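As they're listed, the protein sequences go chains F and V.
Sequential numbering from 0 applies to the first sequence in numbering that gives the first Met the number 0.
Sequential numbering from 0 applies to the second sequence in numbering that gives the first Met the number 0.
Encoded as C-alpha cells, the structure appears first; notes follow it.
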Amino acid sequence: MWIAVATIAGIALIAGLGLSFASRRLPPNDDDLVSKVDGLLPQTQCAQCGYLGCRPYAAAIVHEAAPINLCPPGGEDTVQRLAGLLGRDVVALANSAQSDMKHSIAFIDESLCIGCTHCRDVCPVDAIIGAHQFMHTILADECTGCELCLPPCPVDCIQLKSAA
Amino acid sequence: MTAPTFDLGTLHGGLRLPILKDESTAQVIQHVPIPSQLILPLAQHAGEPAHPIVSIGERVLKGQLIADADGIISAPVHASSSGKVIAIEQWPVSRRLGENAPCIVIECDGADQAVRLSEPIVPFEKLGPDTLFQKVLYGGIVGLGGAVFPTAHKLMEATTEDLEHLVLNGVECESYISCDDMLMRERAMAVVVGAQILLHALRLDHCFIAVESDKPEAIHALADALTEVQDERIAVKQIPTIYPSGAEDQVVQLVTRKEVPTGGLPTDVGCLVQNVGTAAAVYDWICSGEPLISRVTTVTGDGVVAPMNVVSRIGTTVADVVNFIGGYSERAKQLIIGGPMTGKSVTTDRVPLVKATNCILVLSDTPPIGAERPCIRCGDCAQVCPVLLLPQQLFWYACADNEAKLRSYGLTDCIECGCCDLVCPSHIPLTADFRSAKLRMRELADEKARAERAKHRFETRTVRLEREQLQRAQELMKQKEQIKKAGPRAIEEILERSGKPSGPDKDE
Chain F
0 MWIAVATIAG
10 IALIAGLGLS
20 FASRRLPPND
30 DDLVSKVDGL
40 LPQTQCAQCG
50 YLGCRPYAAA
60 IVHEAAPINL
70 CPPGGEDTVQ
80 RLAGLLGRDV
90 VALANSAQSD
100 MKHSIAFIDE
110 SLCIGCTHCR
120 DVCPVDAIIG
130 AHQFMHTILA
140 DECTGCELCL
150 PPCPVDCIQL
160 KSAA
Chain V
0 MTAPTFDLGT
10 LHGGLRLPIL
20 KDESTAQVIQ
30 HVPIPSQLIL
40 PLAQHAGEPA
50 HPIVSIGERV
60 LKGQLIADAD
70 GIISAPVHAS
80 SSGKVIAIEQ
90 WPVSRRLGEN
100 APCIVIECDG
110 ADQAVRLSEP
120 IVPFEKLGPD
130 TLFQKVLYGG
140 IVGLGGAVFP
150 TAHKLMEATT
160 EDLEHLVLNG
170 VECESYISCD
180 DMLMRERAMA
190 VVVGAQILLH
200 ALRLDHCFIA
210 VESDKPEAIH
220 ALADALTEVQ
230 DERIAVKQIP
240 TIYPSGAEDQ
250 VVQLVTRKEV
260 PTGGLPTDVG
270 CLVQNVGTAA
280 AVYDWICSGE
290 PLISRVTTVT
300 GDGVVAPMNV
310 VSRIGTTVAD
320 VVNFIGGYSE
330 RAKQLIIGGP
340 MTGKSVTTDR
350 VPLVKATNCI
360 LVLSDTPPIG
370 AERPCIRCGD
380 CAQVCPVLLL
390 PQQLFWYACA
400 DNEAKLRSYG
410 LTDCIECGCC
420 DLVCPSHIPL
430 TADFRSAKLR
440 MRELADEKAR
450 AERAKHRFET
460 RTVRLEREQL
470 QRAQELMKQK
480 EQIKKAGPRA
490 IEEILERSGK
500 PSGPDKDE
C-alpha cells in the first residue's frame, strides 16, 4: 500500500514541478488571447477607449490589465462577453456612447469640402478618398461611423447619417 | 391515359387544406380588356431592378422594351400594350419589403399596336442553347411560380451542374389558387412545347410534369397533348394533394425521391424545376414572339361576385381586374395578393398585377383566431413541418435571440409554409416570428462581415503607416550620412554658389 501512495505522490510531485516550471519559464501565448479579445470588440476603431484602435485596446487589456468597460459602441454586451472570456467582474460602462456607431455613416457635404485631406489622414480604415484641392468622398461600405473625421475638418462639412 | 401514381417519394408532415377551387374553375379563362392605364414596376423579379430606357411623353408599342435588365441577376420589362409613357414614379405595390416602388405608368391608346420583332421567329430546334438562353433573357421571362427568379439565369446556372431531369411544377397546393390548373387545361400544348424548348436548351432527355391528383382535367389535357406530339421524353406524374407539396424542394423530393440538401438547390440532386406557367411563357416568346406581358391570374374568394381565372396584361391594377369580373361583393373585407397561406395582404386595390401575381384573393371578415397564448410544447408543429424542423424549439431560440442555436436547429431551412401556424393550439404566429428571426440573423451576419472588413482595413493601414515611417527614417538617415561624408566644405560650396559670402554677415 505504501508503494502505491509513494508512486502516486511521486507522479503528482513531478507533474506539479513540470507545470510550475512551464508557467514561469515558457513564454505565454498572448497573441492568441489578444486576437480573441479583439474579436469581441466592435471594430469601429473609434479610439474612444483612449487607445489607437480595437486591436491596441485588446493588447492593452491583455498586457496592461486595462479596464474592460472602456468601449461605448460595444456597450454592456461587450463588457459581459469580455468579462466571461477573461474571468473578470462585469462592471458598468465607464462613459456612455454618444451614438450607436455601428449604424451610422459619415457623409461629406460636397459643396463645402475644401480638399484639405485632414479627414483622410485620420480615418482608421482608409475609407476616405481625396487629394489636395480635390473634393473628398467616403466609401460608404467601409465607413465604421467612428466620428474621428469630425474634429479635424476645418469647415465642418462632415455629418453622420443613419446607415440604413 | 392516366398518369402513374406509384414510385413517389414521401413528404413529412404537411396538411390537407380545404381545396376551395371549384368556383374559380367553373368557367373558361376570360380576357381582361386593355385598361386605360398600365403600371409597370421596375422590380418584378428577384435581383436588381431593371432601369428604364424610355422617357416621359414617349410613345411605346406593345412588346417594346421599356426597362432593361441591370446587374448580374435581373430581367427586362416590356410594355404590355401601346400608349404613351406619362410618368415614372413611386406607386403602391405588393411586396414583402416596402410599400411603394418605382413604376413606369403608361396611358394606353387602345390600339394595342405591337412592336416589330427585331429577329424573325425560327423553329426552336434550329437555335443553340446559348441563343435560346439569350432570347429567354430578352423576353423578360421569370419564374411564374412565385419566386420570380429570372429564368435565363436559372437555366444558365443549371447548365454548370450535372442535370438529369427537368421538372415542370404544376402543383398548386394552396387553397383557392387555380391559375396553373386552368392554364394546363386550356393551353396544355403550350406547356408541352415549352417543355420541349427547355429540354432542347438544356440538352436533357427527361422531363416530369408534376400535377396534383385533384386536377384530373389538367392531367387529361396534358396526356392528350403528349399523345399528339409523341414525345417520349416527357411524362406526367400525379402527386398527392398535400400542402406544401408544390414548393420547389418538396416537388423534387416527391417526384425523384431525392432530398435537396440543406442550403442547396434542386440542381444539387440533378433537377431543374420550372413552373408550368413559365414553360408556357417560354413557348409564347420563342414560338410567337410575345414577351412576358400577360399572365393567368385567379381572382377568387367570397369577397368577389364571380370568382374566375383571367388573362390580364401585366400592369393592370387589381381594381380594373376586379371590376371586369363584376366587382366586390358586399362582404369584401380584406384583399390578399397570393394565396391564403403565403400571400401578402394589401391595403389598396391600386396595386398593379405583376409577373408574380398568381392570385387575387378577396375575403370577407375571417373569424378571429384567438389570442396568442404561451407554448404548451404539444409538438403538433413538429408533426406537420414538411422540412423536419422543430418549430417549438426554434420559437424559444427566436425569443431568446440565440443566433447560434437558431442556425444549428436549421432556421434557414424553413420554407415559411405556415403549416405550424395553422395547427398551433396556442395561436402563436410562428412563421412571422421565424421570418423576423431570419432577418435578424442576416443583419447579424452583415454586421459581422463589416466588423471583419474594418479590422482587416485597420490592420493593413497600421502596417502601411509603420512602413512609411520606417522609410522616412531611413531616407533621413541616408541624407544625413551623405552630408556628413561631404563634410563642412560642401555647405560652404553651396552658399558660394548661391552668391552669398560664407559665414554670417556681421555688418548688418
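All C-beta atoms in this analysis are idealised placements derived from N, C-alpha and C, irrespective of residue type, glycine included.
Quick caveat: nothing in here was measured; it's all calculated off a predicted structure.
| Item | Value |
| --- | --- |
| 7 Å Cβ cutoff, F323(V) in contact with chain F | no |
| Backbone secondary structure at F132(V) - three-state DSSP | helix |
| Spatial distance of T59(V) from Q333(V) (CA atoms) | Per the sequence shown, residue 59(V) should be read as Val rather than Thr. Distance between the alpha carbons of V59(V) and Q333(V) is about 35 Å. |
| Distance between beta carbons of G144(F) and A105(F), contact taken as under 8 Å | 7 Å |
| Closer than 7 Å to chain V by CB, P151(F) | no |
| Burial state of E507(V), where buried means 16 or more other Cβ atoms lie within 10 Å | Low per-residue confidence applies at E507(V): pLDDT is 41, beneath 50, and the placement is therefore not dependable, though the value from the model is reported in the following sentence. Exposed is the call here. |
| Per-residue DSSP class, three states only, for D506(V) | Confidence at D506(V) is low in this model, with a pLDDT of 47, below 50, so the placement of that residue should be treated as unreliable; the coordinate-derived value is given next. Looking at D506(V) - three-state DSSP - the assignment turns out to be coil, as it is neither helix nor strand. |
| Separation of L138(F) from R349(V), as counted between CA atoms | 39 Å |
| Between the CA atoms of W90(V) and F207(V) - distance to the nearest angstrom | 40 Å |
| The region 438-449 of chain V / the region 420-430 of chain V touching (three or more Cβ pairs under 8 Å) | no |
| Closer than 7 Å to chain V by CB, V124(F) | yes |
| Three-way DSSP call (helix, strand, coil) for S559(V) in this model | This structure leaves residue 559(V) out entirely; chain V is present only between 0 and 507. |
| Under 7 Å between C-beta atoms of N274(V) and G144(V) | yes |
| Amino acids of chain V, ordered along the chain, whose beta-carbon sits closer than 9 Å to that of E141(F) | R449, R452, A453 and R456 |
| Neighbouring residues, chain V, relative to P41(F) (Cβ below 7 Å) | A450 |
| 9 Å Cβ cut-off: residues of chain V touching R54(F) | K454, F457, E458 and T461 |
| Buried versus exposed, by CB contacts within 10 Å (16 or more), V254(V) | buried |
| Alpha-carbon spacing of A146(V) relative to L39(V), whole angstroms | 18 Å |
| Cβ neighbours of M188(V) in the same chain (closer than 6 Å, five flanking residues each side left out) | A224 |
| Residue-level contact to chain V via CB, Q44(F), 7 Å cutoff | yes |
| Where T1(V) falls, given that 16 or more other Cβ within 10 Å makes a residue buried | For T1(V), the predicted model reports a pLDDT of 47, less than 50, meaning its position is unreliable; a value from the coordinates is still stated below. With fewer than 16 Cβ atoms within 10 Å of its Cβ, T1(V) is classed as exposed. |
| Limits of the unbroken beta strand (DSSP E) element including M307(V) | M307 to R312 |
| For D29(F), three-class secondary structure by DSSP | helix |
| Minimum Cβ-Cβ distance from I241(V) to chain A less than 7 Å | Annotation note: the requested chain A is absent from the structure, which comprises protein chains F and V. |
| Spatial neighbours of Q79(F) in its chain, beta-carbon cut-off 8 Å, leaving aside the 5 residues before and after | V89 |
| Given 8 Å, three or more beta-carbon pairs between the region 319-330 of chain V and the region 188-202 of chain V | no |
| Buried versus exposed, by CB contacts within 10 Å (16 or more), N168(V) | buried |
| Helix, strand or coil at I128(F) [DSSP, three-state] | strand |
| One or two residues paired with F207(V) in a DSSP bridge | V166(V) and A234(V) |
| Alpha-carbon spacing of A234(V) relative to A194(V), whole angstroms | 11 Å |
| Among T365(V), V166(V), C358(V) and R441(V), nearest to A331(V) - alpha-carbon criterion | T365(V) |
| Within 7 Å, strictly: CB atoms of G139(V) and H50(V) | no |
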